[in-house]
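Residue 4 is where the sequence shown starts when you use my numbering, and the numbers rise one by one after that. Note sheet for the following structure.
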Amino acid sequence: MTFQTLCVLCGLCGKRIRLTFELAQCGLQVERQRPLPVVYQEVKLDCGYRLDLLVEEAVIVEVKAVDRLMPIHQAQLLSYLKLSGCKVGLLINFNVKVLKDGIRRMANDFPDTLRSLRALR
């Protein structure tokens, strides 16, 4: 089975695999399905969530194939950013005619920075 055939057969999973492959070919460190621990009322879950992709230990990439990105998808990525401490994430929807139309860049809000900027005013 060729890599291209695997991508067609696997659908969204195949898109994640192909994206991982392409990023790695560019020399980037990419980890798929990275566990994200969660602590709730002193109980630690080693794998509360799984990140679709973590690039260079800095950028979370969440991959979707939906008619349109919804606020819940953005909330999911923002939660992952806050829990992980990562500052930037990409939400990629492959169910679009032009890929650039399906990419949303999101940043973790920086409350300490905002407070510092307000203090300067």
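Ideal placement from N, C-alpha and C gives every residue a C-beta, glycine not left out.
Burial state of residue i (16 or more Cβ within 10 Å)
i: residue 60; result: exposed
i: residue 108; result: exposed
i: residue 101; result: exposed
Same chain, Cβ closer than 6 Å to residue i, neighbours up to 5 away in sequence not counted
i: residue 50; result: 38
i: residue 32; result: 59
Terminal residues of the alpha helix (DSSP H) in which residue i lies
i: residue 81; result: 74-87
Close Cβ partners of residue i (< 8 Å) along its chain, the five nearest in sequence each way excluded
i: residue 18; result: 10, 66, 68, 97
Short Cβ contact (7 Å threshold) for residue i with residue j
i: residue 81; j: residue 94; result: no
i: residue 62; j: residue 55; result: no
Cβ-based neighbour list, residue i, same chain, cut-off 7 Å, excluding 5 preceding and 5 following
i: residue 72; result: 94, 96, 107
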